[in-house]
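Here is the structure we will look at.
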Amino acid sequence: MTNTLWLVIPGVILWSVVLVLPWQPWRIRETLEAAGTEDETADLSDVTVLIPARNEAGVIAETLLSLVDQGQNLRIVLVNDQSTDTTVTEASRVNLKNLRIIDGRPLEPGWSGKLWALHQGLSFVETKTILLLDADIRLQPGTIPALQARMEEHELHLVSLLAFLRMDSFWEKLLMPAFVYFFKLLYPFHLSNAGSSAVAAAAGGCVLLRSSSLVQTGGFETIKDELIDDCALARQFRNAGLSTWIGLSHSAHSRRSYDGLSGIWNMVARTAFTQLRYSFALLLLCSILLTAGFVLPPAGLFSADPATRLLGISAIFLMAASYLPTLRYYGIHLLWSLAFPLGGLLYLLMTWTSAWRYCSGAGAVWKQRSYAGASGGVK
Numbered sequence: 006m007t008n009t010l011w012l013v014i015p016g017v018i019l020w021s022v023v024l025v026l027p028w029q030p031w032r033i034r035e036t037l038e039a040a041g042t043e044d045e046t047a048d049l050s051d052v053t054v055l056i057p058a059r060n061e062a063g064v065i066a067e068t069l070l071s072l073v074d075q076g077q078n079l080r081i082v083l084v085n086d087q088s089t090d091t092t093v094t095e096a097s098r099v100n101l102k103n104l105r106i107i108d109g110r111p112l113e114p115g116w117s118g119k120l121w122a123l124h125q126g127l128s129f130v131e132t133k134t135i136l137l138l139d140a141d142i143r144l145q146p147g148t149i150p151a152l153q154a155r156m157e158e159h160e161l162h163l164v165s166l167l168a169f170l171r172m173d174s175f176w177e178k179l180l181m182p183a184f185v186y187f188f189k190l191l192y193p194f195h196l197s198n199a200g201s202s203a204v205a206a207a208a209g210g211c212v213l214l215r216s217s218s219l220v221q222t223g224g225f226e227t228i229k230d231e232l233i234d235d236c237a238l239a240r241q242f243r244n245a246g247l248s249t250w251i252g253l254s255h256s257a258h259s260r261r262s263y264d265g266l267s268g269i270w271n272m273v274a275r276t277a278f279t280q281l282r283y284s285f286a287l288l289l290l291c292s293i294l295l296t297a298g299f300v301l302p303p304a305g306l307f308s309a310d311p312a313t314r315l316l317g318i319s320a321i322f323l324m325a326a327s328y329l330p331t332l333r334y335y336g337i338h339l340l341w342s343l344a345f346p347l348g349g350l351l352y353l354l355m356t357w358t359s360a361w362r363y364c365s366g367a368g369a370v371w372k373q374r375s376y377a378g379a380s381g382g383v384k
């Protein structure tokens with residue numbers, strides 16, 4: 006063995022393992038799509054859409070208008086979470102019949118902002134099911150009936166969709182499909198949907214749940230300081246023996262844009278170290294794996310040893326093969342798979358940034374709020 010083969014052998018092994026894992030996290034199997042046509046006869050009187058909104062003036066009207074085409078008698082509770090822009094004005098202009106706008110109270114200690122807003126809105130919900138919807142999510146016609154059908158047919162207590170993220174700019178095409186890929190790698194949908202005790206996943210942008218189940222699990226107060234609130238909610242349901250399901254969708258679109266690198270960087274760095282449970286041992290392991298998978302194989306291409314170059318190409322091929330289904334699902338040109346090593350490197354640096362902010366006491370920052378340390382307390 007030459008002294009450069011060590012650069013690429015770990016990558017070949019790593020990507021081979023990813024491809025042969027029994028639960029196949031790289032595959033696109035768990036999906037849910039709306040019929041795509043407006044059904045004015047659908048009775049949604051048993052559903053309340055609960056929307057937390059903080060400084061969402063640019064997107065809130067589009068989100069509310071998308072609810073018009075879902076069906077009849079849908080109730081909507083929008084919690085204005087201390088917005089300093091024209092969120093309330095824009096929401097009021099839509100003039101929806103069953104829209105109720107609640108002025109949220111100042112954030113109480115120990116709560117994350119989104120969960121505090123949802124907790125306040127929950128007291129205005131009287132229906133048997135609740136749709137938790139982020140203020141920037143636009144639903145295609147028929148999405149809510151499709152969610153209801155999945156819940157009833159499979160006797161589920163929580164159904165969530167990972168929204169179709171905006172992928173228009175260079176940085177979005179480079180990093181947002183990778184974001185979905187890594188999320189599915191960390192929280193394999195197949196295992197979560199099968200009821201695995203080790204994995205509980207949800208996507209907080211679009212979650213349909215049974216009101217009685219939420220009450221049974223203690224509501225939002227039991228997870229009030231969680232920064233990764235969606236997976237915490239799924240774990241709360243699963244700990245209570247309740248079934249959950251998560252999938253991808255073209256029917257729920259996030260309108261939040263990330264034209265520059267800094268926006269995506271801060272979005273990932275906000276919770277990356279939290280994903281690792283604030284563990285420096287897991288940070289080290291993550292760094293080793295990402296370096297072996299994304300950094301060393303391309304470096305091996307510059308080796309003078311033909312065997313090293315060949316194995317480097319093999320590792321990159323395996324890496325791309327695992328990534329292609331995600332690109333294909335989102336309609337991104339398959340040549341973007343060649344940029345996956347750069348995306349992986351950037352995600353490694355974002356994770357280090359997250360750990361550095363934790364160590365420096367800066368904590369996570371979101372919506373002009375700073376959350377310090379593992380407790381999620383607001384500074």
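Sequential numbering from 6 applies to the sequence shown in this note's numbering. We put the beta carbon where it would ideally sit given N, CA and C, even for glycine.
Contact between I251 and A208 is confirmed by a C-beta separation of about 6 Å, below the 8 Å threshold. Less than 7 Å divides the Cβ of A39 from the Cβ of T148. Within a 10 Å sphere around the beta-carbon of F307 sit fewer than 16 other beta-carbons, which makes this residue exposed. Straight across, the Cα-Cα distance linking L196 with S327 is about 18 Å.
The C-beta separation of L295 from L287 comes to about 12 Å, leaving the pair out of contact by the 8 Å criterion. According to the DSSP secondary-structure assignment, I107 is paired through a beta bridge with V84. Cβ-Cβ separation between L112 and I81: approximately 23 Å, too far for a contact (criterion under 8 Å). A Cβ-Cβ distance of about 19 Å is found for the pair A140 and I233, leaving them out of contact under the 8 Å criterion.
CA-to-CA, the gap between S217 and I321 works out to about 48 Å. Three or more Cβ pairs closer than 8 Å define a contact, and the segment 188–207 falls short of that threshold against the segment 75–95. Judged by their CB atoms, A257 and A205 are not nearer to each other than the 7 Å cut-off.
By the Cβ neighbour-count rule, H162 is buried, with 16 or more other Cβ atoms within 10 Å of its own. Taking L301 as the centre and dropping the five residues before and after it, the same chain places the C-beta of L12, V13, P15, G16 closer than 7 Å to its C-beta, in chain order. Taking a contact as a CB-CB distance under 8 Å, the pair A58 and T92 counts as one, their CB atoms being some 5 Å apart. Between the alpha carbons of V164 and M324 lies a gap of roughly 30 Å.
By the C-beta density criterion, E160 is exposed, having fewer than 16 other C-beta atoms within 10 angstroms. A residue is called buried when at least 16 other Cβ atoms come within 10 angstroms of its Cβ; I65 meets this threshold and is buried. Judged by DSSP in its simplified three-state form, P57 adopts strand. Counting along the chain, L180 sits inside the alpha helix (DSSP H) bounded by residues 175–191. The Cβ-Cβ distance between L266 and F299 does not fall below 7 Å. A distance of 7 Å or more separates the beta carbons of R215 and T276. Taken in chain order, the complete alpha helix (DSSP H) segments of 4 residues or longer contained in the segment 292–355 are 301–305, 311–334. In the DSSP assignment, G246 is bridged to no other residue. Linking S248 to G223 through their CA atoms gives a straight-line distance of about 16 Å. Remark: three or more beta-carbon pairs, one from each stretch, lie closer than 8 Å, so the segment 326–346 and the segment 29–37 are flagged as touching. Taking a C-beta distance under 7 Å as the contact criterion, G115 and Q87 do not qualify as a contact pair. In the DSSP assignment, L137 falls within the beta strand (DSSP E) that extends over 134–138.
Short of 7 Å from the beta carbon of S50, and not among the five residues preceding or following it, lie these beta carbons of its own chain, in chain order: N78. Assignment of beta-bridge partners to Q221 by DSSP yields no partner. Closest in alpha carbon position to L120, among T132, E67, A237, L180, is A237. Less than 7 Å divides the Cβ of G210 from the Cβ of A168. For L152, the closest of S71, I318, L213 by C-alpha to C-alpha distance is L213. Taking a contact as a CB-CB distance under 8 Å, the pair N198 and E35 counts as one, their CB atoms being some 6 Å apart. Burial state of T53 is buried, judged by a 10 Å Cβ sphere holding 16 or more other Cβ atoms. Secondary-structure assignment with DSSP links F169 through a beta bridge to H258.
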